[in-house]
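Undergrad:
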Amino acid sequence: MSPKSLATVLRDPLAGVLAALAVIFALSAIVSPYFLTSYNMSVVARGIAFVGLITIAQSMLMVLGELDLSLGVIGGLCGIASGVLMMKFGIEPYTAMLLAIALGATLGFANGLLVTGLRLHSLVLTIGTAGIYGGANLVLTRGVAITGIPQQIQYLGRGDLFGVPVPFVAMIGALLVATFVMVKTPFGRYMYAIGNNRGAARMLGIRVDLVRLIVFVAAGALAALAGVLMVARLGTAQPSIGDTWVLAPIAACVIGGVATTGGVGSPIGAILGAGIIAIIENIIVLFGVSPYWQGIVSGAIVVLAISFDAISRRYLRGEAA
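Using this note's numbering, you'd call the opening residue of the sequence shown number 35 and step up by one each time.
#1: Going by the CB atoms, is the gap between Pro220 and Ile114 shorter than 8 Å?
#2: With 16 as the cutoff for other CB atoms within 10 Å, does Pro67 come out buried or exposed?
#3: DSSP has Ala271 in a bridge; who is on the other side?
#4: State yes or no: is the C-beta of Ile305 nearer than 7 Å to some heavy atom of the ligand NAD?
#5: Just verifying my parser: in three-state terms, what is the DSSP assignment at Val319?
#6: Can you give the Cα-Cα distance for Val158 and Met264, rounded to whole angstroms?
#7: Is it buried or exposed, Glu126, if we count other Cβ atoms within 10 angstroms and call 16 or more buried?
#8: DSSP three-state call for Asp194: helix, strand or coil?
#9: Using 8 Å for Cβ pairs, my map puts Thr89 next to Ala286. What's the rounded Cβ distance?
#10: With burial defined as no fewer than 16 other Cβ atoms inside 10 Å of the residue's Cβ, what is the status of Thr175: buried or exposed?
#11: So, at 7 Å on beta carbons, what are the nonlocal neighbours of Ser62 in its own chain, with the 5 sequence-adjacent residues on each side left out?
#12: Start and end of the alpha helix (DSSP H) containing Arg232?
#13: Taking the alpha carbon of Ala83 as the point to measure from, which residue in Arg153, Asn231, Gly309 and Val242 has its own alpha carbon closest?
#14: Since Val323 contacts Leu95 with CB under 8 Å, what's their CB separation in whole angstroms?
#15: Could you check the C-alpha separation between Glu315 and Val331 for me, to the nearest Å?
#16: If I follow the unbroken alpha helix (DSSP H) through Arg153, where does it start and stop?
#17: How many angstroms separate the CA atom of Ala356 from the CA atom of Leu87?
#18: Considering Cα atoms alone, identify which of Glu100, Leu195, Leu238 and Thr140 is closest to Val149.
#19: Would you please verify whether the beta carbon of Val173 is less than 8 Å from any beta carbon of chain C?
#20: Tell me the DSSP secondary structure of Pro67 in three-state form.
#21: Decide yes or no for the touch test of the segment 162-177 against the segment 103-112: beta carbon pairs closer than 8 Å, at least 3 of them.
#22: When the Cβ atoms of the segment 118-125 are set against those of the segment 228-235, are three or more pairs found closer than 8 Å?
#23: Counting along the chain, where does the alpha helix (DSSP H) carrying Ala282 start and finish?
#24: Let me know if Leu338 comes out buried or exposed under the rule of 16 or more other beta-carbons within 10 Å of its beta-carbon.
#25: Compute the Euclidean distance between the alpha carbons of Ile58 and Met225, then round it to the nearest angstrom.
#26: Suppose only complete runs of 4+ residues qualify. What are the alpha helix (DSSP H) ranges in the segment 106-148, listed by chain order?
#27: Give me the residue from Val262, Leu306 and Pro301 with the minimum Cα distance to Ser116.
#28: What's the gap between the Cα of Met237 and the Cα of Val245?
#29: Within the same chain, show all residues whose beta-carbon is closer than 7 Å to that of Ala255, passing over the 5 residues directly before and after it, in chain order.
#30: Do Ala304 and Ser93 have their C-beta atoms closer together than 8 Å?
#31: How would you call Val298, buried or exposed, if buried means at least 16 neighbouring beta carbons within 10 angstroms?
#32: Per the DSSP calculation, Pro199 is bridged to which residue(s)?
#33: Specify, as a first and last residue, the run of the alpha helix (DSSP H) that Tyr73 falls within.
Now the structure itself:
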C-alpha cells in the first residue's frame, strides 16, 4: 500500500476499523482451531448483539456530543421490570416486554429532560441516574434473581432465525433503522449539526433540545431492548444484567470512529468496533485465560481507543489541538 493510500485509509475511520476487524478475525482463525466453528460463531454473534444495542444507542448520543453512562443500568432495570411484570403481576410476556421497553424510553426521557432542561452535563448527570436506576434494581429484586421466565419468550434470546441468532437479527434491525435516520433524514443531519456546533445549530433554527431529548429516548428504548432480550436468553431476570455494558460500548464507538467531541461517526462504525472487542474477548476465553482479565482488557481498549482518537484527530485529520 502506498503512503498516500495509507493516509487515505487512516483518514477514513470506517475503512480503518473494517480493515482492523478483518485482520483480527483472520488472526483469530489462525491461532485457534475452535474460532470458526458454528457454535463459537453463534456465541460471538450473541455477545455482539446485546452490547451492540447499547453501542448503537451510545453512538447516537456521542454524535450529539453527549455520553450516557446509565444505559447499561437502564437495560438491567428494564430486564428486571419485565420479569417482575410477568412473574409477580401475571402480565402476558410479550406485553410485559413492550412495557419494559416503554420504561426504558421513559428513563431515557428523564435523562434527556434533566440534561436539556437544567443544562447539566450528560456525563455527570448520568453517573447520578445510573446510581438511582441501579438502586431501583436492587429494591425490586433484593439482589435475588427472578426465575420462571415463560418458555414462549426464551426463543427471542436463545433461538435462531435462518441460522442467525435472534438477538443478532434484532441488533441488525436496530442498526439499519439508526443508520437510515442518521444518514438519509433531516433529523440525522440535525444530529451531526448539533454535535459539530450546538450554538450554530440553534442559529440555523434547529430545535436543539428537542432533537437531543428524542435521541435520549431512543437510546433508553434500545438499552431496554437489550435488557429484555438478555432476560429471554438467560431464562431468569438477573440483577447483574447490564453490569458490563458500560465500558465496552464506549470503546466500541471510539474504535469505530465516533468522535468523543461529537459530530463525527456512525452506528455502523461503532458496531464494527463492538465486533473487534467481542472477538478479542472470545479469543481470551478460547485460550482459557481467566475471565477476570476481561475487565483489564476492556479498560485498556478504552484507553487505547480514546488515545488513538485524540492523536488521529490532531495529526491525521488536521483538527486543532
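Built from N, CA and C at the ideal position, the CB exists for glycine as well.
TA: Looking at the atomic coordinates:
#1: No, the Cβ-Cβ distance between Ile114 and Pro220 is not below 8 Å.
#2: Exposed, since its Cβ has fewer than 16 Cβ neighbours within 10 Å.
#3: Under DSSP, the beta-bridge partners assigned to Ala271 are Ile180.
#4: This structure simply doesn't include the ligand NAD, nor any ligand for that matter.
#5: helix
#6: Between Val158 and Met264, the C-alpha separation is close to 27 Å.
#7: exposed
#8: strand
#9: 5 Å
#10: Classification for Thr175: buried.
#11: Phe69, Ile313 and Ile317
#12: Note, Arg232: alpha helix (DSSP H), Arg232 to Met237.
#13: Gly309
#14: The distance from the Cβ of Val323 to that of Leu95 is about 32 Å, inconsistent with a contact at the 8 Å cut-off.
#15: Cα-Cα distance, rounded: 8 Å.
#16: Careful: Arg153 lies outside any alpha helix (DSSP H) and carries neither H nor E.
#17: As displayed, the chain neither begins before 35 nor continues past 355, which places residue 356 out of reach and without an answer.
#18: Glu100
#19: Here chain C cannot be found, since the structure has a single protein chain.
#20: coil
#21: Yes, the segment 162-177 touches the segment 103-112.
#22: no
#23: Leu281 to Ile289
#24: exposed
#25: 32 Å
#26: Whole alpha helix (DSSP H) segments, 4+ residues: zero.
#27: Val262
#28: 15 Å
#29: Excluding its 5 nearest sequence neighbours in each direction, Ala255 has C-beta neighbours in its own chain below 7 Å: Ile135, Gly138, Ala139 and Gly142, listed in chain order.
#30: yes
#31: By the 16-neighbour rule on beta-carbons within 10 angstroms, Val298 is buried.
#32: Asp194.
#33: Ser72 to Val97
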